[in-house]
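So the sequence shown is residues 341 to 959, counted in our numbering. Built from N, CA and C at the ideal position, the CB exists for glycine as well. Heads up, the thing below is written out as structure tokens.
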Amino acid sequence: MTQSDESYSTDERGPTADERGPFVTPISGARKRGGMLRSLRAEVADALEGALAARDLPTDDLGIERPPDDVDAELASSVAFRLAGEMGAAPPEVAAELAGEIDAADYDYVGSVTTQGPYLNFLPSDRYFADTVAAATDSDYGSLPDRDTSVVVEHTSANPTGPVHVGRARNPIVGDALQRVLDFAGYDVETHYYVNDAGRQVATFTWAYETFDESELPDPERDRIEYDLVRYYRKGNTFLEEGPDEEVEAAEDEIQSIMQGLEAGDEETYERVAEVVDQVLSGMTECLARLPAEFDEFVKETRFMRDGSTDDLVARLKELDEAVYEEDAWQLDLPGIDKNLVFLRSDGTSLYATRDLAHHEWKFDHFDRAVTVLGEDHGLQADQVRATLDLLGRDTDQLDQVLYSYVNLPEGKMSTREGTGIDLDDLLDEAIDRARDEVEDRLDDRLRDDDLDEEDVERIAHQVGTGAVRYDIVSKQPTKAITFEWERALDFEAQSAPYVQYVHARACGILDEAASAGLEPAESVDAADLAEPEARDLLRTIARFPAVVEEAADELEPHRVATYTREFAEDFNAFYRECQVLGADEEDVARARLALVAASRETVGNALELLGVAAPESM
């Protein structure tokens with residue numbers, strides 16, 4: 341894209357009037373939390389508003405955008421396009437007139453204003469670069485001010501019937517990254533796992549667990565409780581498909597009895613189901629912790645049956661004009677949706693959808709926003725939930741639903757156990773094994789001489805292996821299908837987790853070597869000591885980080901952070917190649933570059949933390 345194009349890409353929004361004020365403050369305060377780019381954007385907005393007001397022109401649309409990479413500017417404005425008709429002049433003339441109204445000396449971070457055709461280009465000052473280094477050396481760099489908004493993020497919520505399957509791995513990885521990004525962006529976040537403990541699957545599991553003897557079952561595939569118990573579930577399903585008719589009929593009666601007992605609030609039935617569900621969840625939780633993905637609360641759907649919420653909801657749904665009784669069930673004929681929502685069976689039992697609606701109403705009562713991560717096969721369900729909540733008078737602007745495609749594996753790339761598929765544990769184990777081999781193969785080529793022992797290698801293998809899986813999955817737009825490829829995920833030289841992790845390890849190594857030589861980063865940096873193009877490119881990228889956090893949070897797209905880390909790694913490596921740090925001719929230059937390395941370490945470390953990827957100090 342060139343500046344002769346009609347517009348720039350607009351992946352960063354300008355601040356509102358309310359946002360601008362707090363960031364035009366000394367570096368020691370809110371600017372550190374907001375980031376230099378956001379502060380520069382505030383100054384650009386102020387400059388444009390002043391220029392427009394001086395000519396009695398409207399200031400409601402300033403057209404502040406990020407220019408293409410080949411333009412020597414940090415921010416630009418396309419406002420001249422909008423005002424050309426009103427001013428009776430061509431856009432380039434309008435741009436030139438407005439630029440003449442702006443004095444860069446009035447601002448801290450606006451270094452100069454130029455025009456290129458119809459665009460006003462804003463170049464940063466030396467102070468912009470110096471303050472970027474100062475801000476980015478803080479351990480919380482990139483975090484944003486408190487938004488005073490509570491958010492519940494619901495993710496994973498896999499049926500508690502056995503180990504987590506690799507195809508579902510995207511849900512906890514995306515969900516956990518969303519929680520991290522939203523928290524860093526200033527939201528008050530809780531993470532929930534919604535437990536389906538009232539459906540037929542769990543009732544079948546409970547019956548099977550109480551019916552079959554362990555001696556009838558094969559050995560478990562892994563020494564953990566969910567692998568132990570899933571044998572009962574699989575045995576039960578096989579029996580229901582292949583067992584004698586009379587015994588299958590009796591089993592179905594018992595399964596139905598369990599479901600009706602839950603619906604009726606029978607305490608003994610709750611306890612029977614909970615014995616199975618809680619054990620399976622404990623194992624699934626242990627698996628998810630390996631990613632890592634952790635939860636503030638496990639919310640059981642039976643909760644909304646026991647407290648009367650489901651019954652109350654059913655009564656209100658029946659009163660809606662869209663409620664119909666068809667095919668022996670109560671349903672909603674939802675406007676604009678082809679398939680009716682069934683919310684009550686003829687035997688008086690509710691459905692998952694019914695209880696999920698009660699669950700969403702509970703979320704709305706306790707949180708300002710609700711974010712739910714769902715597989716693409718739940719798209720219809722998501723639409724039905726939103727439409728029904730609308731009919732119930734709920735503000736569905738509170739609700740965001742993030743849909744994702746599933747993770748596939750290339751055929752033949754992993755061994756499978758007959759009849760069980762591939763579990764997330766299998767994927768993580770193989771990732772760690774492959775990472776260990778890669779780390780060991782690279783030991784002789786390491787530049788840093790810190791004598792890694794077997795424990796170090798094992799630690800790095802876990803960090804790199806798990807990080808590779810997680811990064812490869814979270815780095816893609818959720819709606820795009822993924823085929824996980826080992827060669828890509830574990831490539832130390834390409835756009836992968838190890839590639840980015842190595843940047844953090846290299847920065848740590850440089851700082852350690854400098855400390856051993858008695859050289860400390862500069863406490864305050866003279867931007868003239870960081871004048872090389874590669875240094876300035878890296879500084880610009882560091883300055884963008886808080887804005888990237890804001891974008892990822894606003895759009896619920898953590899993959900934006902992953903994209904940023906790849907760009908960051910490329911800029912850091914270019915700086916490392918072209919700008920000697922420890923070997924610089926002048927000590928002031930060496931200390932300034934060392935400060936830039938320290939800022940880089942904090943920035944990339946925080947970015948990896950948002951993705952849930954470890955930032956190794958040595959590789």
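- request: Jot down the residue ranges of each uninterrupted alpha helix (DSSP H) in the stretch 849 to 934, minimum 4 residues, whole runs only, in chain order.
  value: 873 to 895 and 899 to 918
Beta-carbon proximity check, T736 vs L729, cutoff 8 Å: Looking up residue 736 in the sequence shown gives position 396. Looking up residue 729 in the sequence shown gives position 389. Yes; because the gap between Cβ atoms is below 8 Å, this pair is in contact.
query: Can the beta-carbon of F291 be found less than 8 Å from the beta-carbon of S490?
result: Residue numbering for the chain in the displayed model covers 341 to 959; residue 291 lies beyond these limits and cannot be assessed.
field: Which of helix, strand or coil DSSP assigns to D765
entry: In the sequence shown, the residue the question calls residue 765 occupies position 425. Helix.
- prompt: What is the DSSP secondary structure of H706, counted as helix, strand or coil?
  reply: Numbered from its first residue, the sequence shown carries residue 706 at position 366. H706: helix per DSSP, three-state reduction.
- request: Within its chain, find whatever has a CB closer than 6 Å to the CB of T804; leave out the 5 residues flanking it on each side and keep chain order.
  value: Your numbering for residue 804 matches position 464 in the sequence shown. Looking at the sequence shown, residue 804 is not Thr but Val. Excluding residues within five positions, the ones whose Cβ falls inside 6 Å are A775 and P838.
message: Can you list, in chain order, the residues of its chain with a C-beta nearer than 7 Å to that of E890? Leave out the 5 residues immediately preceding and following it.
response: Taking the first residue of the sequence shown as position 1, residue 890 is located at position 550. Cβ within range, chain order: L484 and A525.
field: M754, DSSP secondary structure in three states
entry: By 1-based counting over the sequence shown, the position of residue 754 is 414. With a pLDDT of 43 at M754, under the threshold of 50, the predicted position of this residue should be treated as unreliable, though the coordinate-derived value follows. M754: coil per DSSP, three-state reduction.
query: Excluding sequence positions up to five away, which residues of its chain have a Cβ less than 7 Å from the Cβ of D351?
result: On the sequence shown, position 11 is the one that residue 351 refers to. Residue placement at D351 cannot be trusted, given a pLDDT of 35 that sits under 50; the coordinates are not used to answer.
- request: Could you name the residues of the same chain whose beta carbon sits closer than 7 Å to that of D781, not counting the 5 residues immediately before and after it, in chain order?
  value: Here residue 781 refers to the residue found at position 441 when the sequence shown is read from its first residue. So the list is empty, once near-sequence residues are dropped.
task: With DSSP as the reference, please indicate the residues paired to V711 in a beta bridge.
output: Within the sequence shown, the letter at position 371 stands for residue 711. Partner(s): V493 and D740.
task: Closer than 7 Å by C-beta to S479: which residues in its own chain qualify, once you throw out the five before and the five after it? Chain order, please.
output: Here residue 479 refers to the residue found at position 139 when the sequence shown is read from its first residue. Excluding positions up to five away in sequence, the list reads E942.
query: From V797, L830, A655 and K816, pick the residue whose C-alpha is nearest to that of G807; which is it?
result: By one-based count along the sequence shown, residue 807 stands at place 467. It is L830.
message: For the pair the stretch 511 to 524 and the stretch 940 to 956, tell me if three or more CB-CB distances fall below 8 Å.
response: yes
query: Using DSSP with H/G/I as helix, E/B as strand and the rest coil, what is D785?
result: Your numbering for residue 785 matches position 445 in the sequence shown. In this structure, D785 counts as helix in the three-state DSSP scheme.
task: Assign N748 to buried or exposed, taking buried as 16 or more other Cβ atoms, counted over all protein chains shown, within 10 Å of its Cβ.
output: Walking along the sequence shown from the start, residue 748 turns up at place 408. Looking at its Cβ environment, which holds fewer than 16 other Cβ atoms inside 10 Å, N748 is exposed.
message: Distance cutoff 8 Å, beta carbons only. Does S483 sit that close to anything in chain D?
response: Of the chains in the structure shown, none is chain D; there is only one protein chain.
task: From the DSSP output, read off the bridge partner residues of K820.
output: Position 480 of the sequence shown, counted from the start, is the residue given in the question as residue 820. Beta-bridge pairing links K820 to no other residue.
message: Suppose you measure from the CA of T454 to the CA of G440; what does that come to, to the nearest Å?
response: Here residue 454 refers to the residue found at position 114 of the sequence shown. Here residue 440 refers to the residue found at position 100 of the sequence shown. Taking the straight line from one Cα to the other gives about 9 Å.
- request: Can you have a look at L783 and say buried or exposed, based on whether 16 or more other CB atoms are within 10 angstroms of its CB?
  value: Within the sequence shown, the letter at position 443 stands for residue 783. L783 should be labelled exposed.
task: Whole angstroms is fine: what's the gap from D593's alpha carbon to D678's?
output: In the sequence shown, the residue the question calls residue 593 occupies position 253. In the sequence shown, the residue the question calls residue 678 occupies position 338. In a straight line, the C-alpha of D593 is about 33 Å away from that of D678.
query: In chain order, which continuous runs of the beta strand (DSSP E) of length 3 or greater are located wholly inside the stretch 399 to 426?
result: 415 to 417
- prompt: Considering E626, what are the terminal residues of the alpha helix (DSSP H) in which it resides?
  reply: In the sequence shown, residue 626 corresponds to position 286, counting from 1. Looking at the DSSP string, the run of the alpha helix (DSSP H) that includes E626 is E607 to A629.
- request: With a cut-off of 8 Å on the beta carbons, I'd call R917 and A924 a contact; round off their distance for me.
  value: Counting from 1 along the sequence shown, the entry for residue 917 is found at position 577. Counting from 1 along the sequence shown, the entry for residue 924 is found at position 584. Not really, about 14 Å apart at Cβ, beyond 8 Å.
task: With DSSP as the reference, please indicate the residues paired to E637 in a beta bridge.
output: As a first step, residue 637 must be located in the sequence shown, where it is residue number 297. According to DSSP, which records beta bridges pairwise, E637 is partnered with H532.
task: Have a look at V473, A393, F908 and P408 and flag the residue whose alpha-carbon is nearest the alpha-carbon of E437.
output: Numbered from 1 along the sequence shown, position 97 holds the residue referred to as residue 437. With distances taken between Cα atoms, E437 lies closest to A393.
query: Among E794, E641 and W547, which one has its Cα closest to the Cα of I598?
result: For the purposes of this step, residue 598 is identified with residue 258 of the sequence shown, where counting begins at 1. Minimum Cα distance to I598 is reached at W547.
- request: Measure the CB-CB distance between G935 and A862 and report whether it falls below 8 Å.
  value: Here residue 935 refers to the residue found at position 595 when the sequence shown is read from its first residue. Here residue 862 refers to the residue found at position 522 when the sequence shown is read from its first residue. Correcting the residue identity first, residue 935 is Ala in this sequence and not Gly. Yes, the Cβ-Cβ distance between A935 and A862 is below 8 Å.
message: Does L463 come out as helix, strand or coil in the three-state DSSP assignment?
response: Taking the sequence shown and counting its residues from 1, the one referred to as residue 463 is at position 123. Strand at L463.
query: With 16 as the cutoff for other CB atoms within 10 Å, does L720 come out buried or exposed?
result: The residue labelled residue 720 in the question sits at position 380 within the sequence shown. Under this definition L720 is an exposed residue.
- prompt: Using a threshold of 7 Å, is the CB atom of V747 nearer than that to any non-hydrogen atom of the ligand ZN?
  reply: As presented, the structure is devoid of all ligands, the ligand ZN included, so that no description of it is given.
- request: Measure from the alpha carbon of L739 to the alpha carbon of each residue in W702, E607, S745 and A591, then state which is nearest.
  value: As a position in the sequence shown, residue 739 is number 399, starting the count at 1. Closest by alpha carbon: W702.
- prompt: Whose CA, out of D563, N499, Q456 and D516, lies closest to the CA of A538?
  reply: The residue labelled residue 538 in the question sits at position 198 within the sequence shown. Residue N499 is the option with its Cα nearest to A538.
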